[in-house]
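Residue numbers (my numbering), protein chains in the order written: chain X, 106 to 376; chain F, 106 to 376. For glycine and all other residues, C-beta sits at the position ideal for the given N, C-alpha and C. Treat the numbers as computed from the prediction; the structure is a model and nothing was measured.
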């Protein structure tokens with residue numbers, strides 16, 4: 106039996122227990138996302154639990170953000186409560202020795218009891234990569250969405266501005282959610298030249314927000330894609346938002362272009 | 106029976122045949138290099154031949170540079186002689202539809218009979234990527250060599266200068282070769298910050314040369330690595346070269362950090 110701490114309010118840890126803050130990188134290609142699934146699919150939380158097990162008693166690790174099947178992470182923040190005294194940096198090395206090579210623990214440090222990867226998280230950032238080129242890439246095929254039709258970045262950038270700020274993102278919600286108001290601090294679109302070809306580009310869309318609805322980033326990117334293709338005018342994105350109607354927004358783009366980048370925490374929760 | 110044209114001197118193609126120039130990208134992870142092997146391993150030349158077969162009669166494709174097991178290509182140049190009249194761009198699309206997704210034909214154009222991917226090639230460029238970070242990367246594990254010990258880039262850059270120009274590269278030859286004098290036009294080392302950490306870097310070593318000995322780039326990188334680790338002084342690289350002794354140079358680094366970038370051609374062979 107594992108204790109499963111998931112406090113809304115910080116609660117004291119049991120005597121002799123401590124909290125570790127982890128920063129994780131993973132290649133999402135062969136994972137059914139972060140969260141342990143009832144059907145027993147391979148998940149990051151699952152392989153992490155398995156790697157933690159022989160090191161002593163621990164609770165179930167928690168992560169700052171949702172990541173579905175195929176989504177990658179460059180700096181996911183997680184925490185785990187452990188009932189032993191193995192030093193944090195020894196834990197980092199022991200976990201890396203035990204984890205499969207498609208997950209790495211970049212950092213493992215002791216954190217205060219006030220730190221909680223989910224409830225003390227103040228912002229999360231995601232990046233979405235689009236290869237806008239005539240031919241798919243062999244090397245980037247699991248790392249970016251391939252779009253062969255020419256995308257115009259200027260209107261995408263203009264449209265992205267409309268999404269910044271506090272809005273009701275119901276039009277970007279993939280499932281019923283009680284509360285669909287979210288704050289997006291920034292949504293930036295940039296174009297990077299590739300293959301020495303003036304017609305080809307790698308487009309990176311970076312979104313920073315307080316928190317996100319399920320599939321919200323992928324719906325935002327799908328909508329910006331329609332703008333880049335000229336199917337939707339950049340100003341219409343404001344109307345899509347106002348409609349609160351999922352059918353007005355673009356389709357969710359594929360998960361293999363999405364990366365969880367970073368998470369920032371409330372001042373009172375920082376180590 | 107396939108005709109196998111490999112002329113040292115440009116020879117006329119048979120009546121009704123034409124030459125196509127291909128630019129290829131591939132992910133070397135699951136290939137035993139370019140060249141078809143006697144033992145039937147999966148090679149890029151092999152899968153390309155198989156994709157060409159149903160499109161009509163063709164000779165064996167040839168490539169500009171050697172690439173061993175695990176080496177990637179971003180812009181390998183190849184050519185293939187075909188005995189049919191399918192337009193080049195239709196060929197490109199037909200090949201991409203038939204090839205496995207870890208090889209892509211980025212470009213396919215008609216070339217003159219004087220063009221030969223190997224014998225009219227004037228220069229080749231390779232890049233080698235080193236992730237110099239405390240922890241291995243989940244996403245880059247098949248794309249860069251991981252070196253956890255701190256590497257000093259300045260001496261590596263200084264050492265690289267000694268390799269530029271016409272030299273006898275016998276100290277970097279992995280097998281007996283009749284002629285070991287080669288011309289390296291440039292050897293550049295650059296450091297790119299990663300993971301927002303001041304201690305971590307991605308090191309890219311780019312080498313441009315007329316042609317290379319087998320494993321020469323990997324031996325050069327192995328030697329620069331010794332310099333970066335402080336095991337060899339940058340000036341000693343000149344002595345390693347002068348020794349013509351393979352034992353003096355650094356070990357060949359792993360192939361998964363190596364990329365064939367580009368090839369340039371003699372003016373008389375250009376389309």
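What runs of the beta strand (DSSP E), each 3 residues or longer, lie entirely inside the region 152 to 237 of chain F? 177 to 187, 208 to 216, 226 to 237
Please state the DSSP three-state secondary structure of residue 324 of chain F. Counted from its first residue, the second chain places residue 324 of chain F at position 219. Three-state result, residue 324 of chain F: helix.
Selected residue, minimal CA-CA separation from residue 189 of chain F, among F:249, F:120, F:260, F:225: What you label residue 189 of chain F is simply residue 84 of the second chain in a count that begins at 1. The residue with the shortest Cα to Cα distance from residue 189 of chain F is F:120.
Limits of the unbroken beta strand (DSSP E) element including residue 254 of chain X: Within the first chain, numbered from 1, the residue matching residue 254 of chain X stands at position 149. Unbroken run through residue 254 of chain X: none, as it is neither H nor E.
Contact set between the region 307 to 324 of chain X and chain F, restricted to residues whose Cβ is under 8 Å from the partner: none
In chain F, which residues lie with their C-beta within 8 Å of the C-beta of residue 190 of chain X? On the first chain, residue 190 of chain X is found 85 positions in, with the first residue counted as 1. Per Cβ cutoff of 8 Å: no residues; residue 190 of chain X is ~23 Å from chain F at best.
Where the region 219 to 250 of chain X meets chain F: residues whose CB sits under 7 Å from a CB there: 240, 241, 242, 243, 244, 246
For a minimum of 3 consecutive residues, which ranges assigned as the beta strand (DSSP E) are wholly contained in the region 272 to 313 of chain F? 286 to 299
Note down, in chain order, every chain X residue with its Cβ under 8 Å from the Cβ of residue 206 of chain F. Counting from one through the second chain, the residue named residue 206 of chain F turns up at place 101. Within 8 Å Cβ-Cβ: 241, 243, 246.
Under 7 Å between beta-carbons, which chain X residues line up against residue 132 of chain F? List them in chain order, please. Residue mapping note: residue 132 of chain F aligns to position 27 of the second chain, counting from 1. Result: 243, 244.
Exposed unless 16 or more other CB atoms sit within 10 angstroms - verdict on residue 373 of chain F: Position 268 of the second chain, counted from the start, is the residue given in the question as residue 373 of chain F. Exposed, since its Cβ has fewer than 16 Cβ neighbours within 10 Å.
Proximal chain F residues relative to residue 363 of chain X, where beta-carbon distance stays under 7 Å: Sequence index remark: in the first chain, residue 363 of chain X carries index 258 (1-based). Under the 7 Å cutoff, chain F gives no residues; its nearest Cβ is about 13 Å from residue 363 of chain X.
Partner residues on chain F for residue 177 of chain X, Cβ-Cβ distance less than 7 Å: As a position in the first chain, residue 177 of chain X is number 72, starting the count at 1. Within 7 Å Cβ-Cβ: 244.
Residue 123 of chain X, DSSP secondary structure in three states: Here residue 123 of chain X refers to the residue found at position 18 of the first chain. Of the three classes helix, strand and coil, the one that applies to residue 123 of chain X here is strand, per DSSP.
Counting Cβ pairs, one atom from each stretch, are 3 or more of them under 8 Å apart for the region 235 to 242 of chain X and the region 200 to 218 of chain F? yes
Is there at least one Cβ from chain X nearer than 8 Å to residue 369 of chain F's Cβ? Numbered from its first residue, the second chain carries residue 369 of chain F at position 264. Closer than 8 Å: no.
Whose Cβ in chain F lies nearer than 8 Å to the Cβ of residue 210 of chain X? Mapped onto the first chain, residue 210 of chain X falls at position 105. Going along chain F in sequence order, the residues near residue 210 of chain X (Cβ under 8 Å) are 240.
Straight-line Cα distance separating residue 261 of chain F from residue 313 of chain X: Stepping through the first chain from its first residue, residue 313 of chain X is reached at position 208. Stepping through the second chain from its first residue, residue 261 of chain F is reached at position 156. If I take the Cα positions, the gap works out to 38 Å.
Helix, strand or coil: which one does DSSP assign to residue 371 of chain X? Translated into positions along the first chain, residue 371 of chain X becomes position 266. If DSSP states are grouped into helix, strand and coil, residue 371 of chain X belongs with coil.
8 Å Cβ cutoff, residue 300 of chain X in contact with chain F: As a working note, residue 300 of chain X is residue 195 in the first chain. Cβ-Cβ to chain F under 8 Å: yes for residue 300 of chain X.
Output, in chain order, the set of chain X residues within a Cβ distance shorter than 9 Å of residue 201 of chain F. Translated into the one-based positions of the second chain, residue 201 of chain F becomes position 96. Going along chain X in sequence order, the residues near residue 201 of chain F (Cβ under 9 Å) are 240, 241.
Here's the rule: buried if 16 or more other CB atoms are within 10 angstroms of the residue's CB, otherwise exposed. What is residue 352 of chain F? Locating residue 352 of chain F in the second chain gives position 247, where the first residue counts as 1. Looking at its Cβ environment, which holds fewer than 16 other Cβ atoms inside 10 Å, residue 352 of chain F is exposed.
How far does the alpha helix (DSSP H) with residue 348 of chain F in it reach, from first residue to last? Looking up residue 348 of chain F in the second chain gives position 243. Residues 341 to 348.
Tell me, please, whether the region 126 to 143 of chain F touches the region 161 to 178 of chain F by the rule of three or more beta-carbon pairs shorter than 8 Å. yes
Taking the DSSP output, what are the residues bridged to residue 131 of chain X? Taking the first residue of the first chain as 1, we reach residue 131 of chain X at position 26. Answer is X:178, X:208, bridged to residue 131 of chain X.
Residue nearest to residue 282 of chain F in terms of C-alpha spacing, selected from F:305, F:295, F:319: Within the second chain, the letter at position 177 stands for residue 282 of chain F. Nearest of F:305, F:295, F:319 to residue 282 of chain F, Cα basis: F:319.
What residues are listed by DSSP as bridge partners for residue 377 of chain F? No answer is possible for residue 377 of chain F: it lies beyond the span of chain F, which begins at 106 and ends at 376.
Backbone secondary structure at residue 270 of chain X - three-state DSSP: What you label residue 270 of chain X is simply residue 165 of the first chain in a count that begins at 1. Residue 270 of chain X: strand per DSSP, three-state reduction.
Is the Cβ-Cβ distance between residue 368 of chain F and residue 133 of chain F less than 8 Å? As a first step, residue 368 of chain F must be located in the second chain, where it is residue number 263. As a first step, residue 133 of chain F must be located in the second chain, where it is residue number 28. Not closer than 8 Å, so no.
Per DSSP, what kind of secondary structure is residue 239 of chain F in: helix, strand or coil? Counting from 1 along the second chain, the entry for residue 239 of chain F is found at position 134. Here residue 239 of chain F sits in coil by DSSP.
To which residues of the same chain is residue 273 of chain X closer than 7 Å at the C-beta, ignoring the five residues directly before and after it? Here residue 273 of chain X is taken as the residue at index 168 of the first chain, counted from 1. Counting only Cβ-Cβ distances below 7 Å, and skipping sequence neighbours, we find 285, 286, 349.
Contacts around residue 127 of chain F, its chain only, beta-carbon distance under 6 Å, and the 5 residues preceding and following it disregarded: Stepping through the second chain from its first residue, residue 127 of chain F is reached at position 22. Answer for residue 127 of chain F: 183, 210, 213, listed in chain order.
Hey, out of F:311, F:329, F:356, whose CA is closest to residue 343 of chain F's CA? Here residue 343 of chain F corresponds to residue number 238 of the second chain, with the count starting at 1. Residue F:329 is the option with its Cα nearest to residue 343 of chain F.
Looking at C-alpha atoms only, which residue of X:334, X:202, X:306, X:150 is the closest neighbour of residue 160 of chain X? Sequence index remark: in the first chain, residue 160 of chain X carries index 55 (1-based). Considering only alpha carbons, the answer is X:202.
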